[in-house]
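Novice: Numbering (the numbering used here), first residue to last: 78 to 431. Quick reminder that beta carbons are idealized off the backbone N, C-alpha and C, glycines included. Just so it is clear, the structure is predicted and the values come from calculations on it, not from any experiment.
(1) With respect to the beta strand (DSSP E) encompassing residue 273, which residues constitute its N-terminal and C-terminal limits?
(2) By Cβ distance, which residues of its chain are closer than 7 angstroms to residue 130, with the 5 residues on each side in sequence left out?
(3) Go through its chain and collect everything with a Cβ distance to residue 108's Cβ below 8 angstroms, but skip five positions before and after it.
(4) Might you give, ordered along the chain, the residues of its own chain that have their beta carbon closer than 8 angstroms to the beta carbon of residue 301, omitting 5 neighbours on each side?
(5) For residue 67 versus residue 102, is the C-beta distance shorter than 8 angstroms?
(6) CB-CB under 8 angstroms to residue 262, same chain, minus the five flanking residues each way: which ones, in chain order?
(7) Determine the DSSP secondary structure at residue 114, reduced to helix, strand or coil.
(8) Identify which residue in 230, 268 and 272 has its Cα closest to the Cα of residue 249.
(9) Count the other CB atoms within 10 Å of the CB of residue 200; is the residue buried (16 or more) or exposed (fewer)?
(10) For residue 233, count neighbouring Cβ atoms within 10 angstroms of its own Cβ and tell me buried if that reaches 16, exposed if not.
(11) Quick check: is the beta carbon of residue 383 nearer than 8 angstroms to any beta carbon in chain C?
(12) Which of helix, strand or coil does DSSP assign to residue 417?
(13) Could you check which residue in 337, 169 and 381 has the C-alpha nearest to that of residue 240?
(14) Check whether the Cβ of residue 140 sits closer than 7 angstroms to any heavy atom of the ligand GDP, and report yes or no.
(15) Where does residue 423 land, buried or exposed, given buried means 16+ other C-beta within 10 angstroms?
(16) Could you check where the alpha helix (DSSP H) with residue 230 kicks off and where it finishes?
(17) Per DSSP, which one or two residues make a beta bridge with residue 281?
(18) Here's a check: name, in chain order, each residue in its chain whose Cβ is nearer than 7 angstroms to the Cβ of residue 290, leaving out the five neighbours to either side.
(19) So what's residue 252 in DSSP terms, helix, strand or just coil?
(20) DSSP has residue 217 in a bridge; who is on the other side?
(21) Could you tell me whether the stretch 340-352 touches the stretch 390-397, using the rule of 3 or more Cβ pairs below 8 angstroms?
(22) Looking only at DSSP bridge pairs, what is residue 296 linked to?
(23) Mind checking which residues open and close the alpha helix (DSSP H) that includes residue 384?
(24) Bridge partners of residue 162, per DSSP?
(25) Classify residue 431 as helix, strand or coil using the three-state DSSP reduction.
(26) If you check the beta carbons only, do residue 195 and residue 305 fall under 8 angstroms apart?
(27) Residue 363: which of 179, 326, 268 and 292 sits nearest, CA to CA?
(28) Could you tell me the alpha carbon to alpha carbon distance between residue 190 and residue 386, rounded to whole angstroms?
(29) Between which two residues does the alpha helix (DSSP H) containing residue 151 stretch?
Structural data, given as structure tokens:
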């Protein structure tokens with residue numbers, strides 16, 4: 078039943094397998110691991126990624142890929158507070174254009190509003206909104222994906238990263254008014270108070286970080302109206318392009334996933350979207366991908382699901398993916414994960430199913 082539910086979720090909710098997330102989190106996770114003497118190259122390859130790919134301009138990853146690497150890193154580094162470590166390691170430059178816009182904003186309040194509005198550009202795996210509270214404002218984080226195992230890691234990374242950004246851009250003595258998280262107090266709960274330097278509430282109704290009014294009204298030393306206007310224009314364009322990419326890519330991926338083992342030809346996909354085959358190719362190229370790459374990514378997700386989540390023979394799996402034979406599947410798995418199907422099947426781990 079669990080396997081069927083996972084398969085149904087992939088078919089009906091393309092967010093888990095769609096490559097729409099910038100890989101900033103994985104870049105800093107890889108950096109923190111390297112500083113501790115751990116190489117995340119193997120987990121990256123098993124997710125169909127590489128360290129070079131994480132730094133490529135325009136690179137996008139799926140939640141499936143990101144969560145897979147995070148889980149392996151948490152296990153390999155054996156640090157339950159890894160989310161805090163990754164978040165505090167980030168500086169303003171880690172946020173790209175958003176970081177520059179935050180630093181160029183007039184006040185901390187303006188900076189936080191900009192950051193929440195454009196958080197999708199930063200590669201976040203959570204969603205955010207702001208809320209006014211007595212003499213201050215709060216940033217509320219909500220889960221975008223149903224994945225309770227990684228929820229604490231993602232929240233810790235997010236809130237620690239926000240605080241690191243403010244301290245880097247405004248004042249090293251900055252401390253939030255309060256931090257509240259929905260999960261219970263972990264054994265390393267003292268690390269929260271040590272880093273945030275404020276009251277921390279566990280088992281809270283929601284996940285939020287609250288900023289006092291005095292800090293919100295503080296002018297930022299790097300405020301620059303001209304630079305801010307330029308950055309906002311670029312971010313607005315990037316957000317619009319991101320929405321267009323997400324709609325187009327996810328729609329195609331769902332169509333391919335539902336069609337397997339038969340892959341709908343590009344001409345059929347174009348006709349269904351009221352455009353020519355050439356136009357569809359051009360739009361995909363503008364988003365840094367191709368129809369062939371999307372088909373490949375859908376097969377990758379489905380292959381991992383079937384190989385690690387079932388005992389089906391390889392020739393049956395090959396048929397379900399639309400491959401001619403098991404040999405073709407073996408070559409594809411070696412290219413995707415840097416290993417063989419049998420080795421991949423040997424790594425099956427129930428908590429990795431997303």
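Specialist: Once the coordinates are examined:
(1) Careful: residue 273 lies outside any beta strand (DSSP E), inside the alpha helix (DSSP H) at 267-273.
(2) So the qualifying residues of the chain are 136.
(3) Sequence-distant Cβ neighbours of residue 108 in its own chain, meaning closer than 8 angstroms and more than five residues away, are 166.
(4) 181
(5) Outside the modelled stretch of the chain, which goes from 78 to 431, sits residue 67, for which no answer is possible.
(6) Hits under 8 angstroms: 279 and 280.
(7) coil
(8) 272
(9) Here residue 200 is buried. Its C-beta has 16 or more other C-beta atoms within 10 Å.
(10) buried
(11) No chain C appears in the structure shown, which is made up of a single protein chain.
(12) coil
(13) 169
(14) Absent from the structure shown: the ligand GDP. Ligands present: none.
(15) exposed
(16) Its alpha helix (DSSP H) spans residues 225-246.
(17) Its beta-bridge partners do not exist; DSSP assigns none.
(18) 212 and 213
(19) coil
(20) 206 and 285
(21) no
(22) 184
(23) It spans 368-386 - the alpha helix (DSSP H) in which residue 384 sits, taken as one unbroken run.
(24) For residue 162, which the question treats as bridged, DSSP gives no partner whatsoever.
(25) In this prediction, residue 431 has a pLDDT of 34, which is less than 50 and means its spatial position is unreliable; what the coordinates show is noted afterwards. Coil, per DSSP.
(26) Not closer than 8 angstroms, so no.
(27) 326
(28) Whole-angstrom Cα-Cα distance: 42 angstroms.
(29) 140-154
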